[in-house]
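Enquirer: Residue numbers (UniProt numbering), protein chains in the order written: chain A, 1 to 350; chain B, 1 to 350.
Have a look at this one.
There are 2 protein chains.
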Amino acid sequence: MAVTLADVAVRAGVSAATVSRVLNGNYPVAGATRNRVLRAVEELEYVVNGPASALAAATSDLVGVLVNDIADPFFGIMAGAVQSEIGEPTADRGGPKLAVVCNTGGSPERELTFLTHLQRQRAGAVVLTGGALEDEAHRTALAGRLGRLEAAGARVVLCGRPPLEGSDFPAVTFDNREGARQLTAHLLELGHRRLGYLAGPQARTTTRHRLEGHREALAAAGLAGDASRLTVRGDYGRSAGYAGALELLSREPGLTAIVAANDTVALGACAALRDRGVRIPDDVSVTGFDDLPFAVDATPALTTVRLPLHEAGVRAGRLALGRETPPAGGVVTCEGELMVRASSAGPRRG
Amino acid sequence: MAVTLADVAVRAGVSAATVSRVLNGNYPVAGATRNRVLRAVEELEYVVNGPASALAAATSDLVGVLVNDIADPFFGIMAGAVQSEIGEPTADRGGPKLAVVCNTGGSPERELTFLTHLQRQRAGAVVLTGGALEDEAHRTALAGRLGRLEAAGARVVLCGRPPLEGSDFPAVTFDNREGARQLTAHLLELGHRRLGYLAGPQARTTTRHRLEGHREALAAAGLAGDASRLTVRGDYGRSAGYAGALELLSREPGLTAIVAANDTVALGACAALRDRGVRIPDDVSVTGFDDLPFAVDATPALTTVRLPLHEAGVRAGRLALGRETPPAGGVVTCEGELMVRASSAGPRRG
DNA sequence: CCCCCAGTAGAAAGCGCTTACCGTCCCGGG
DNA sequence: CCCGGGACGGTAAGCGCTTTCTACTGGGGG
Numbered sequence: 001m002a003v004t005l006a007d008v009a010v011r012a013g014v015s016a017a018t019v020s021r022v023l024n025g026n027y028p029v030a031g032a033t034r035n036r037v038l039r040a041v042e043e044l045e046y047v048v049n050g051p052a053s054a055l056a057a058a059t060s061d062l063v064g065v066l067v068n069d070i071a072d073p074f075f076g077i078m079a080g081a082v083q084s085e086i087g088e089p090t091a092d093r094g095g096p097k098l099a100v101v102c103n104t105g106g107s108p109e110r111e112l113t114f115l116t117h118l119q120r121q122r123a124g125a126v127v128l129t130g131g132a133l134e135d136e137a138h139r140t141a142l143a144g145r146l147g148r149l150e151a152a153g154a155r156v157v158l159c160g161r162p163p164l165e166g167s168d169f170p171a172v173t174f175d176n177r178e179g180a181r182q183l184t185a186h187l188l189e190l191g192h193r194r195l196g197y198l199a200g201p202q203a204r205t206t207t208r209h210r211l212e213g214h215r216e217a218l219a220a221a222g223l224a225g226d227a228s229r230l231t232v233r234g235d236y237g238r239s240a241g242y243a244g245a246l247e248l249l250s251r252e253p254g255l256t257a258i259v260a261a262n263d264t265v266a267l268g269a270c271a272a273l274r275d276r277g278v279r280i281p282d283d284v285s286v287t288g289f290d291d292l293p294f295a296v297d298a299t300p301a302l303t304t305v306r307l308p309l310h311e312a313g314v315r316a317g318r319l320a321l322g323r324e325t326p327p328a329g330g331v332v333t334c335e336g337e338l339m340v341r342a343s344s345a346g347p348r349r350g
Numbered sequence: 001m002a003v004t005l006a007d008v009a010v011r012a013g014v015s016a017a018t019v020s021r022v023l024n025g026n027y028p029v030a031g032a033t034r035n036r037v038l039r040a041v042e043e044l045e046y047v048v049n050g051p052a053s054a055l056a057a058a059t060s061d062l063v064g065v066l067v068n069d070i071a072d073p074f075f076g077i078m079a080g081a082v083q084s085e086i087g088e089p090t091a092d093r094g095g096p097k098l099a100v101v102c103n104t105g106g107s108p109e110r111e112l113t114f115l116t117h118l119q120r121q122r123a124g125a126v127v128l129t130g131g132a133l134e135d136e137a138h139r140t141a142l143a144g145r146l147g148r149l150e151a152a153g154a155r156v157v158l159c160g161r162p163p164l165e166g167s168d169f170p171a172v173t174f175d176n177r178e179g180a181r182q183l184t185a186h187l188l189e190l191g192h193r194r195l196g197y198l199a200g201p202q203a204r205t206t207t208r209h210r211l212e213g214h215r216e217a218l219a220a221a222g223l224a225g226d227a228s229r230l231t232v233r234g235d236y237g238r239s240a241g242y243a244g245a246l247e248l249l250s251r252e253p254g255l256t257a258i259v260a261a262n263d264t265v266a267l268g269a270c271a272a273l274r275d276r277g278v279r280i281p282d283d284v285s286v287t288g289f290d291d292l293p294f295a296v297d298a299t300p301a302l303t304t305v306r307l308p309l310h311e312a313g314v315r316a317g318r319l320a321l322g323r324e325t326p327p328a329g330g331v332v333t334c335e336g337e338l339m340v341r342a343s344s345a346g347p348r349r350g
């Protein structure tokens, strides 16, 4: 049925071993022989059987990328960056890799399930993106799975999440805490004193770090008292921002600024404010986080913290392929950059 | 090193064949035996070797999904939908499948290369998303590759693109032409007579169909004459929209509406107009296409055509797995829905 | 002039799994 | 009481490739 190595070998008048060697190029083959083989490959339109080589060589050229939500550009950008990096053939070791993008939907069970699938496929590496769940049971289960993956020869890299306690997988992390601190500090400098916070989902590192940064800035300004009353929790979606903004407004009508967990939430908050006839930033300033492409196109353009998502994805990809060795400690930290735009301004006088 | 089927067999005191049968569940195994095997699997933390089964069974549970740009929610949503659909175990045939998302970046060569990789992995199905390139040479090459894939046992499904001439792969397509026609008709009804069009990249079916729909509406209103003068080409990115809007404005200062190839382009156009001090929709109306999540959050909210991206992805996934048989003709057409929002209004009087 | 080695190519043993093909056992009907 | 057959389980032959080990060749040094 399908063309096999053996067919090519016959056609080229050599042994299967030689064909394999030509194709993998890690053994000397005389020029003339090589050409004959390559011609035969062309003529027969031979395509290597991946599973067979994976079986024989005990490695595959698949790299798993776990994301919470591939429809969200936050993850899409990182996933795309990882893929573009690993898609390039490496000089030393192996050709281009294929990215297997797995959408966990934020579910811990699916995260684990996907890791099993990836181990089953003998993925050469696995990149986990986005914030991690802060749940002891899940952390343990995850560490176990990842440990087994590593034992099976896969590289494990974290991207956009902090290192996993107790393990030492290389990680490319964002300094969410410091970014959030700067953002809130910026608002405080503008003169805001009553700031609401729209937090992300519970028990996520990203949520916690951003919230901590926010409160750190608040505390530095002596405003820690109101913090928890003015914090509303939701998920990272637009409607959470919409509902959360309304809730904040009802808790504290005198609010002059809303700090959202991310850009999407901020957009939802903006929509709620508009619907209430509240002007941005004249009446209330709003800030986001991530600086996704659409943040600059919101009206007013969103003040936010830019995260180097693409760069992080590329580095994670390089680490996953061993093209780059992690620094001592294994953690690459990416700083966010405060982007001050039109959605933040000084509070209304009076 | 790694735990194999044989290890499990020994532990359970049965033969490897029995273990395989328990795991694949397509052969009667007595309850007691089955339990013993399952326990052994648990205890040894056995994980099937995917390549080995793929080799032996001549199929893998990988499904390829080709996208132009995974960072673009247009593709992210479809890819996510495909994955969520194929991730569910099927009753009749096989467990959950893994999606291999391949980012072509719009490059025809990479499209072909990825297809080869997928064939090498013996992917069980391949879903091609997004508009197709209208280039004879590429069409032929693509048809060839896909034909070989199909011959190798893979299902091929097109999602968001028209059927491939000369082949009869099932396709889930969007009625871009009709959507565009309705959109422009809407503007014409509002009284616009000088409409600019920001077209997508050359030689893409999506670009052409949307443009044709636009012109069809124009022609129906007897406005065909100006059409090509008021059409500017670019890619599907924001900056193309920005530059294109400025270009249109200089070509025709009396413009009252700009129809963009998609939402992202529309946002870029809006930004350009704002920077020029042109009010939307008071001075110029702007429309998008796709109704990506951010469209509703633009200010003003974008009038656009909603495409059922998620639904299309799900159906493509079902077709890819053979859970659904394509209708006669093999084409499922999804209609867009005109979403009239704040960015379109009647032209300024005078 | 012979031997040895660098340079190449082939033979063959798996890699871990699936599955066709056979035994074996036990039940019920003749 | 014997035999046929259904229900299970085992045996073994690959699936297509990689890779070790072996074999052969020719040329240069002893």
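A virtual CB, placed ideally from N, CA and C, is assigned to each residue, including glycine.
The stretch 98-119 of chain B: which residues have C-beta closer than 9 Å to a C-beta of chain A, in chain order?
Expert: Answer set for the stretch 98-119 of chain B: L98, A99, V100, V101, C102, N103, G105, R110, T113, F114, T116, H117, L118 and Q119.
Enquirer: Would the C-beta of G346 of chain B count as close to the ligand GDP, meaning under 6 Å from any of its heavy atoms?
Expert: Annotation note on the ligand GDP: not contained in the displayed structure, which lists no ligands.
Enquirer: Less than 7 Å between the C-beta atoms of T304 of chain A and G288 of chain A, yes or no?
Expert: yes
Enquirer: Should R36 of chain B go down as buried or exposed, given a rule of 16 or more other Cβ atoms within 10 Å for buried?
Expert: In summary, R36 of chain B is buried, with 16 or more beta-carbon neighbours lying within 10 Å of its beta-carbon over all protein chains present.
Enquirer: With 7 Å as the threshold, decide whether the Cβ of V47 of chain B is near any Cβ in chain A.
Expert: yes
Enquirer: Using only the alpha-carbon positions, how far apart do R39 of chain A and V29 of chain A sit?
Expert: 15 Å
Enquirer: For L249 of chain A, report the span of its alpha helix (DSSP H) as first-last.
Expert: R238 to R251
Enquirer: For G124 of chain B, tell me which candidate among A:G50, A:R193, A:A261 and A:R155 has the shortest Cα-Cα distance.
Expert: Shortest Cα-Cα distance from G124 of chain B to any of A:G50, A:R193, A:A261 and A:R155 involves A:G50.
Enquirer: Do S343 of chain B and V278 of chain B have their beta-carbon atoms positioned less than 7 Å apart in this structure?
Expert: No.
Enquirer: Terminal residues of the continuous beta strand (DSSP E) containing N103 of chain A?
Expert: L98 to N103
Enquirer: Check whether the Cβ of D297 of chain B lies closer than 7 Å to any Cβ atom in chain A.
Expert: True, the Cβ-Cβ gap to chain A drops below 7 Å.
Enquirer: Should the stretch 195-203 of chain B be called in touch with the stretch 332-340 of chain B, which here means at least 3 C-beta pairs below 8 Å?
Expert: no
Enquirer: For chain B, is any of its Cβ atoms less than 7 Å away from the one on P51 of chain A?
Expert: yes
Enquirer: Would the stretch 172-190 of chain A count as touching the stretch 202-215 of chain A if we require 3 or more Cβ pairs under 8 Å?
Expert: Short answer: they touch.
Enquirer: Of all the options A:G153, A:T4 and A:G80, which has the alpha carbon lying nearest to the alpha carbon of V47 of chain A?
Expert: When A:G153, A:T4 and A:G80 are compared, the shortest CA-CA separation from V47 of chain A is found for A:T4.
Enquirer: According to DSSP, residue 411 of chain A sits in a beta bridge with which residue or residues?
Expert: A query on residue 411 of chain A cannot be resolved here, the shown segment of chain A reaching from 1 to 350 and no further.
Enquirer: With DSSP as the reference, identify every bridge partner of C159 of chain B, one or two as the case may be.
Expert: B:T129 and B:V172
Enquirer: Do you know offhand how far A137 of chain A's Cα is from I86 of chain B's?
Expert: One C-alpha to the other measures close to 28 Å.
Enquirer: When the Cα of A62 of chain B is compared with those of B:V19, B:L115 and B:I77, which residue comes out closest?
Expert: Before going further, note that residue 62 of chain B is Leu rather than Ala in the sequence given. Of the listed residues, the one whose Cα sits closest to L62 of chain B is B:L115.
Enquirer: Identify which residue in B:H310, B:V314, B:A301 and B:P293 has its Cα closest to the Cα of P73 of chain A.
Expert: B:P293
Enquirer: Report the three-state DSSP secondary structure of T205 of chain A (helix, strand or coil).
Expert: helix
Enquirer: Going by the CB atoms, is the gap between V65 of chain A and V101 of chain A shorter than 7 Å?
Expert: yes
Enquirer: Just how far apart, CA to CA, sit A312 of chain B and C159 of chain B?
Expert: Those two C-alpha atoms are separated by around 7 Å.
Enquirer: For the beta strand (DSSP E) that E337 of chain A lies in, which residues bound it at each end?
Expert: E337 to M339
Enquirer: Just how far apart, CA to CA, sit T18 of chain A and V10 of chain A?
Expert: 11 Å
Enquirer: Restricting to Cα atoms, I'd like to know which of B:E252, B:E150, B:R145 and B:T207 is closest to G130 of chain B.
Expert: When each option's Cα is compared against that of G130 of chain B, the closest is B:T207.
Enquirer: Where do the ends of the alpha helix (DSSP H) carrying T116 of chain B lie?
Expert: P108 to R120
Enquirer: Taking a contact to mean a Cβ-Cβ separation below 7 Å, would you say R193 of chain A touches L255 of chain A in this structure?
Expert: The answer is no: Cβ separation not under 7 Å.
Enquirer: Taking only beta carbons into account, state which residues of the stretch 244-263 of chain A come closer than 8 Å to chain B, listed in chain order.
Expert: From the stretch 244-263 of chain A, no residue has a Cβ closer than 8 Å to chain B.
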